[in-house]
Amino acid sequence: MIRPILLKGHERPLTQVKFNVDGDILFSVSKDQEASVWYSSNGERIGTLNGHKGTIWSIDVDQNTDYVITASADFTGKLWKAQTGECIYTWNFEAPAKRVEFNPESKKALFVTDEVMGQIGTIKIFPIDHLKDEQASTAELEIKNDKGVSARFTVAAWGYGGTTIVAGHANGEITKWDVKTGACLGRVKAHEMQVTDIQMAQDKTYFITSSKDKSAKLFDVDNLRLLKTYTSDAPLNTACITPVKDFVILGGGQDARDVTTTAAAEGKFEAKIHHKIFQDEIGRVKGHFGPLNYIAVHPQGTAYASGGEDGYIRLHHFPKSYFDFQYDVEKTAKAAKQQELERQKQEEEGADEQAAVSASA
Amino acid sequence: MTPMSGSWADAENDIPPTEVIENPDGTKTVISYKFDDKHRKVKVTQKIKTVKVTETVNPAIAERKKWTRFGDEKDNKIVGPDTRTTQFGEEIKFHLSASSKKDEEEEKKSKAKESTTKVQTLKCRTCGGNHFTSKCPFKDTLGVDLKKQEEEKMNMAAATGRGGMGRGAGASSYVPPHLRRGANGELPKASEAQKEVTTTVRVTNLNTMLSEDLLREIFSRFGYVQRLTILRNRETGESRGIAFVEMDTVEHAKSAIEKLNGRGIMNLIINADFAKPRGER
């Protein structure tokens, strides 16, 4: 059994939730134009970031939890002080910003802008100066989508070392880009439909993509090699890789616009836990009554938070059974290893005894 | 406290001072006195062991624990999580298993089965389906056979009982009252055949307050009660008003039914009859 903490700080669908590096603070953004900051241990809301005039699509926090960055549909991105919730800088774009992420050193940030109103979808990389509030207003690098609106960028994430960016496209492709030159390093048709989320593993050497085509896939950053495929029974909005245990958690459900016409049970509004290696579904967590828009997992692997179309964040601290779970093959392998160790030990002891006997003789 | 001024009666109201004894094993025993709500003097002995728990936390996290609220929460004076924004959800099932999908499907299937068996209150006499007999889609095909069978049975009965007198095979659908089922013994009654086998009495319309003990007392007047069960709601344990009583002999069961059927027990008129075997119900 598991007892989630319900965070009801938002009045509209959640768009993203994110833990900071230590996992003690949870950030959430929603369509109600506010970002919330929570303590993850008890679900207490510390404050809100007020200032955007449209849906906030994405949020990220830097390594030291000093700064928070948001991307909004009001054509702006904002930089905030995490501790006080004060907005210190605003970037202006020509189109809604859909995704934002700090690079691993938190010295740069990428924004994905949407391809609407005659604008071309772009990934913009801005330098972040931690010493002063004023930031550079022009992008250090712009990666433009040249394949037309159907192949527009939907999501993007930094690869290891911050030297590459992987991006997901509306047509199901994933691409890899060089951060220095802006060159395209690889393009793979990963999914049949829109890529809805990309989340990196902790070491950022591989990542998981989720798609509306009801599947999630694990890819290698180096050569975009497909590692694993997880199939689900509903369109997926998000997927994440859990540290500590070799699991992935997928979230999604029937499209929001179809929800009112079907029963809640039909919607598959459950977080699905798959085994990362064996790919099978090993468990489900019920609770949301709308599709899950984003799932974030605690960096120490002790909890996960899901933000739903229903406006709730459900924060789940994993029970012991989660950590104890093993496949039978894992168990037998472990037992075999243990036996092997014991045998070796016995042999050593036997050898010692023999040596002692021969010495005394 | 002024020792001499009060009367001896006041001494009763005095509370001796709290004693603290340091035990050799590092624990403390605190003996205190107080009055309880009925104004009786109560001695409270508490044994206290002080344990120092050191918890190592990330200094950055500890620092962040001290953050003051901002934004919409700025004027919120509530210490800790505010119930307006933070609540505990209902406990939900969390079970990981390698065959979770299969498990779930099976669970669903069994649930579906349960619900269908519950819903089915109508039973067609022709095909046993979930509809009125008159609406049976097999009325024309199965129904005929059934009628024929019945007729044949009647004829057989007529032939054996009354020496084949008076009625030609399949002459008319009219069955004289004395030949009808349930008439005085011409036709071997199906229910009677069972009555001979079973010694279990099915009692319905029982008062839900009626306990096993009381029911046993009632039935033991007619003979030895071998087994007695009252059907209860699995969750609440409330009686469903139905009981099965197994008597030692058929005669005892019969007499119990005769005496108890239609009797009022605890404001309700109960029905008692032989229990039908599982398949027939």
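In order, the protein sequence lines correspond to chains G and S. For the first sequence, the positions run 1 to 361 when our numbering is used. For the second sequence, the positions run 1001 to 1281 when our numbering is used. Don't be surprised by glycine CBs; every beta carbon is placed ideally from N, CA and C.
Quick one: does residue i have its CB under 9 Å from some CB of chain S?
i: residue 64 of chain G; result: yes
i: residue 328 of chain G; result: yes
i: residue 314 of chain G; result: yes
i: residue 83 of chain G; result: yes
i: residue 57 of chain G; result: no
i: residue 1 of chain G; result: yes
i: residue 13 of chain G; result: no
i: residue 286 of chain G; result: yes
i: residue 321 of chain G; result: yes
i: residue 275 of chain G; result: yes
i: residue 38 of chain G; result: yes
i: residue 4 of chain G; result: yes
i: residue 325 of chain G; result: yes
i: residue 86 of chain G; result: yes
i: residue 42 of chain G; result: yes
Beta-carbon of residue i versus every beta-carbon of chain G: anything under 9 Å?
i: residue 1091 of chain S; result: yes
i: residue 1073 of chain S; result: yes
i: residue 1207 of chain S; result: no
i: residue 1039 of chain S; result: no
i: residue 1100 of chain S; result: yes
i: residue 1060 of chain S; result: yes
i: residue 1177 of chain S; result: no
i: residue 1097 of chain S; result: yes
i: residue 1087 of chain S; result: yes
i: residue 1017 of chain S; result: no
i: residue 1077 of chain S; result: no
i: residue 1109 of chain S; result: no
i: residue 1094 of chain S; result: yes
i: residue 1055 of chain S; result: no
For residue i and residue j, what's the separation of their Cα atoms in angstroms?
i: residue 355 of chain G; j: residue 342 of chain G; result: 20 Å
i: residue 326 of chain G; j: residue 1095 of chain S; result: 12 Å
i: residue 1255 of chain S; j: residue 1225 of chain S; result: 13 Å
i: residue 353 of chain G; j: residue 346 of chain G; result: 10 Å
i: residue 1247 of chain S; j: residue 1200 of chain S; result: 6 Å
i: residue 1079 of chain S; j: residue 77 of chain G; result: 33 Å
i: residue 19 of chain G; j: residue 295 of chain G; result: 10 Å
i: residue 359 of chain G; j: residue 349 of chain G; result: 15 Å
i: residue 242 of chain G; j: residue 1082 of chain S; result: 29 Å
i: residue 1260 of chain S; j: residue 1250 of chain S; result: 15 Å
i: residue 53 of chain G; j: residue 70 of chain G; result: 12 Å
i: residue 1126 of chain S; j: residue 1134 of chain S; result: 9 Å
i: residue 1052 of chain S; j: residue 1046 of chain S; result: 19 Å
i: residue 1108 of chain S; j: residue 37 of chain G; result: 39 Å
i: residue 1266 of chain S; j: residue 1275 of chain S; result: 22 Å
Check whether the Cβ atoms of residue i and residue j lie closer than 9 Å to each other.
i: residue 238 of chain G; j: residue 293 of chain G; result: yes
i: residue 1272 of chain S; j: residue 1203 of chain S; result: yes
i: residue 232 of chain G; j: residue 268 of chain G; result: yes
i: residue 139 of chain G; j: residue 114 of chain G; result: no
i: residue 1257 of chain S; j: residue 1205 of chain S; result: no
i: residue 176 of chain G; j: residue 194 of chain G; result: no
i: residue 35 of chain G; j: residue 91 of chain G; result: no
i: residue 39 of chain G; j: residue 1065 of chain S; result: yes
i: residue 2 of chain G; j: residue 278 of chain G; result: no
i: residue 1208 of chain S; j: residue 1277 of chain S; result: no
i: residue 1221 of chain S; j: residue 1232 of chain S; result: no
i: residue 72 of chain G; j: residue 84 of chain G; result: no
i: residue 165 of chain G; j: residue 133 of chain G; result: no
i: residue 22 of chain G; j: residue 299 of chain G; result: yes
With a CB to CB cut of under 6 Å and the five nearest residues on each side skipped, what residues in its chain are close to residue i?
i: residue 245 of chain G; result: none
i: residue 1185 of chain S; result: For residue 1185 of chain S, the predicted structure reports a pLDDT of 49, less than 50, and the residue's modelled location is therefore unreliable. A value from the coordinates is still provided. Counting only Cβ-Cβ distances below 6 Å, and skipping sequence neighbours, we find nothing.
i: residue 102 of chain G; result: 60, 62, 109
i: residue 191 of chain G; result: 172, 211, 213
i: residue 124 of chain G; result: 111, 139, 142
So, at 7 Å on beta carbons, what are the nonlocal neighbours of residue i in its own chain, with the 5 sequence-adjacent residues on each side left out?
i: residue 1212 of chain S; result: 1228, 1230
i: residue 344 of chain G; result: none
i: residue 1216 of chain S; result: 1225, 1228
i: residue 1032 of chain S; result: 1018, 1044
i: residue 1023 of chain S; result: 1029
Can you list, in chain order, the residues of its chain with a C-beta nearer than 8 Å to that of residue i? Leave out the 5 residues immediately preceding and following it.
i: residue 137 of chain G; result: 91, 92
Inset, instruction - Inspect the CB distances between the segment 203-210 of chain G and the segment 151-161 of chain G and report whether three or more fall short of 8 Å. - result: yes
Legend entry - Cβ contact (3+ pairs, closer than 8 Å) linking the segment 210-222 of chain G and the segment 284-292 of chain G: no
Legend entry - Segment contact, 8 Å Cβ cut-off, at least three pairs: the segment 1073-1090 of chain S with the segment 36-51 of chain G: yes
Inset, instruction - Tell me, please, whether the segment 148-156 of chain G touches the segment 185-198 of chain G by the rule of three or more beta-carbon pairs shorter than 8 Å. - result: yes
Inset, instruction - Evaluate the contact criterion for the segment 52-72 of chain G versus the segment 22-40 of chain G: three or more CB pairs, one atom per stretch, below 8 Å. - result: yes
Legend entry - Three CB pairs or more closer than 8 Å across the segment 309-328 of chain G and the segment 6-15 of chain G: yes
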